[in-house]
Amino acid sequence: MTLAEPVPVRNAFRVLAGALLGVRIGLATSYIRAASLQVIAPVHDHFFPDLLRHPATLLAAFFAPLVTEAMVLSYPTRRDMKRAAAVETLSAAILLLHQATYFYATWVIVFWAGVFMVWMAWSAAGNPERASAIGPFLAQLLIAFFFLGGAAGKWTARYWSGAIFEDLFFNRNAYSFLPYLHQAFSEETVHSMAVWFSRGVVVVETATAFIVLLPARAAFIVSLVVAAGLWLNAWDLFEVCWPLMGIAVAGWILAGAKRGELRT
Amino acid sequence: MGRPIGPTELPVVAFIREMSRKRDPLAMIITSAVLFFALVILSLPFSRTVQVAAAKRFHLATWRFGGWALFQPLPSMYNLENSWQVTFTPDAASAEAQACEAPFRGFINHHVFNRILLQRAGLELCGLPARVRFETTYRTTTVETDYLLTANPGSHGFTVVPLSQ
Chain W
-11 MTLAEPVPVR
-1 NAFRVLAGAL
9 LGVRIGLATS
19 YIRAASLQVI
29 APVHDHFFPD
39 LLRHPATLLA
49 AFFAPLVTEA
59 MVLSYPTRRD
69 MKRAAAVETL
79 SAAILLLHQA
89 TYFYATWVIV
99 FWAGVFMVWM
109 AWSAAGNPER
119 ASAIGPFLAQ
129 LLIAFFFLGG
139 AAGKWTARYW
149 SGAIFEDLFF
159 NRNAYSFLPY
169 LHQAFSEETV
179 HSMAVWFSRG
189 VVVVETATAF
199 IVLLPARAAF
209 IVSLVVAAGL
219 WLNAWDLFEV
229 CWPLMGIAVA
239 GWILAGAKRG
249 ELRT
Chain U
3 MGRPIGPTEL
13 PVVAFIREMS
23 RKRDPLAMII
33 TSAVLFFALV
43 ILSLPFSRTV
53 QVAAAKRFHL
63 ATWRFGGWAL
73 FQPLPSMYNL
83 ENSWQVTFTP
93 DAASAEAQAC
103 EAPFRGFINH
113 HVFNRILLQR
123 AGLELCGLPA
133 RVRFETTYRT
143 TTVETDYLLT
153 ANPGSHGFTV
163 VPLSQ
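As they're listed, the protein sequences go chains W and U. According to this note's numbering, the first sequence holds residues -11 to 252 in order. According to this note's numbering, the second sequence holds residues 3 to 167 in order.
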């Protein structure tokens, strides 16, 4: 076993794997419930192949990375990192295609986080200067990409008017404090809040897509603040925010790789 | 060895410098894939074809599974203006009519088909067969898709068949 991987790359990898492990642990019971539901009340549709409707596929793809994520949390070798990165990406790809999970933004972000881990394990682990020169940009590119995807779909009248978020977040979201505003404020005031909340989301997501052009430190601070803001609005969004934060912190660590310390 | 990023150097500049000095094929593939998907996203406001394709991708309508799978890594969070409406068979309902109103209409997330999957228990209780209509609008483009839900004989769950695409 060799521990000769550069410390910043290893730390960046561990942080990201830790964030993904946290998400998996947080979601574990709901995925067991989802698999049970697939057994008790199956939905036969025109679209998904049988294998990608099967509860066993769901459980295997969800739980397999638990082991490889845990294995890289302390002093991973390059081989451990490669294994974890490959399993992470493959598992997310399967979950993106499974009937029970294909619609979760979580697995889009985890998929790209896995791809970033593949790059760290194969390309950056043996070359700290390359890690520092390329890693921060890749992390910023991915975060900007996620927010661009979120923003472009909202460049419409009903998001700008607040109608959609007022209905989805302010009137019926069990995971958010926003519906409780109705108890403290008049309908008119809550409506006004919903309008400005919605416009704020459109503007912030659009602006965050430009972090790819910022210096590393500023980009990662903005990413962390925006991800924390998302999480504050609906606590069930931890599954999206933690991987985002993991990528941001990993990029930040890689930006410091030049000072880096080949010590192990 | 390459030159690491300086404290004031923009990462995008450091990336271009490093890639022109010595190619990193893996980083190149990742960047190219992201840029391809980013171009698709950026064409959304301008192309009616892309708008229709995006809506139908979320409706699971028209797209073949293989093509749809290739676009699954495309990020989207609360995209497009989506709503649904369900028409039940009241005689077959085992839930109160009042409980079968609000949960099955109004705005929904862009992955509209997930309503059928996530609210399967309620849908079953409110009376099958049921007709589900999804409507997605982006600027001046609107796409509608209808599905028919019929009960599985002898067990819970149901079968979903597209009525129009």
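All C-beta atoms, glycine included, are put in the ideal place defined by N, C-alpha and C.
- Spatial neighbours of residue 36(W) in its own chain (CB-CB distance under 6 Å, excluding positions within 5 residues in sequence) are listed in chain order as 87.
- For the region 66 to 91 of chain U, the set of residues with a beta-carbon nearer than 7 Å to any beta-carbon of chain W comprises 67, 71, 74, 75, 76, 77, 78, 79, 80, 81, 82, 83, in chain order.
- Non-local beta-carbon contacts of residue 74(W) in its own chain, meaning distances under 6 Å to residues more than five positions away in sequence, are absent.
- Residue pairing from DSSP places residue 136(U) in a beta bridge opposite 86(U), 147(U).
- At a cut-off of 7 Å between beta carbons, residue 32(W) contacts chain U.
- Taking a Cβ-Cβ threshold of 9 Å, the residues of chain U close to residue 146(W) are 83, 109, 139, in chain order.
- For residue 235(W), the enclosing alpha helix (DSSP H) begins and ends at 226 to 243.
- Taking a cut-off of 8 Å on C-beta distances, the region 131 to 141 of chain W does not touch the region 17 to 32 of chain U, as fewer than three cross pairs fall below it.
- A Cβ-Cβ distance of about 6 Å is found for the pair residue 28(W) and residue 158(U), placing them in contact under the 8 Å criterion.
- The beta-carbon of residue 53(W) is placed no less than 7 Å from the nearest beta-carbon of chain U.
- For residue 164(U), DSSP records a beta bridge to 149(U).
- For residue 131(U), no CB of chain W lies under 7 Å from its own CB, so it is not counted at the interface with that chain.
- Of all C-beta pairs linking the region 79 to 89 of chain U to the region 104 to 114 of chain U, three or more are shorter than 8 Å, placing the two stretches in contact.
- The Cβ atoms of residue 128(U) and residue 73(U) lie no closer than 7 Å to each other.
- Using a CB distance cut-off of 7 Å, residue 155(W) counts as an interface residue toward chain U.
- The DSSP-derived three-state label of residue 179(W) is helix.
- Taking 7 Å as the cut-off, the Cβ atoms of residue 50(W) and residue 92(W) do not count as close.
- Secondary structure note for residue 108(U): it is in no alpha helix (DSSP H), and the uninterrupted beta strand (DSSP E) holding it is 107 to 110.
- Taking the CA atoms as reference points, residue 127(W) sits about 50 Å from residue 99(U).
- Membership of residue -1(W) in the alpha helix (DSSP H) is indicated by the continuous run -5 to 28.
- Under the 10 Å beta carbon count, residue 8(W) is surrounded by 16 or more other beta carbons and is classified as buried.
- Between the alpha carbons of residue 34(W) and residue 67(U) lies a gap of roughly 10 Å.
- Contact with chain U is found for residue 203(W), since one of that chain's Cβ atoms lies less than 7 Å from the residue's Cβ.
- Residue burial is scored here from C-beta neighbours: residue 30(U) has fewer than 16 other C-beta atoms within 10 angstroms and is therefore classed as exposed.
- Note on residue 174(W): under 16 other CB atoms within 10 angstroms of its CB, so exposed under the neighbour-count rule.
- Against chain U, the CB of residue 137(W) has a partner CB under 7 Å away; the residue lies at that interface.
- Considering only 36(U), 60(U), 11(U), 28(U), the residue with the shortest C-alpha distance to residue 139(U) is 60(U).
- For the options 179(W), 129(W), 53(W), 113(W), the alpha carbon positioned closest to that of residue 39(U) is the one of 129(W).
- Taking 7 Å as the CB threshold, residue 167(W) stays off the interface with chain U.
- In chain order, 80, 81 make up the part of chain U whose C-beta sits under 8 Å from the C-beta of residue 142(W).
- Between the alpha carbons of residue 11(U) and residue 119(W) lies a gap of roughly 15 Å.
- Judged by DSSP secondary structure, residue 70(W) falls within the alpha helix (DSSP H) whose first and last residues are 66 to 85.
- Listed along chain W, no residue sits closer than 8 Å to residue 101(U) by beta-carbon distance, the nearest being about 14 Å off.
- Secondary structure note for residue 32(U): its alpha helix (DSSP H) is the uninterrupted segment 27 to 45.
- Chain U places a beta carbon closer than 7 Å to that of residue 129(W), counting this residue as a contact.
- With a threshold of 7 Å between beta carbons, residue 124(W) makes contact with chain U.
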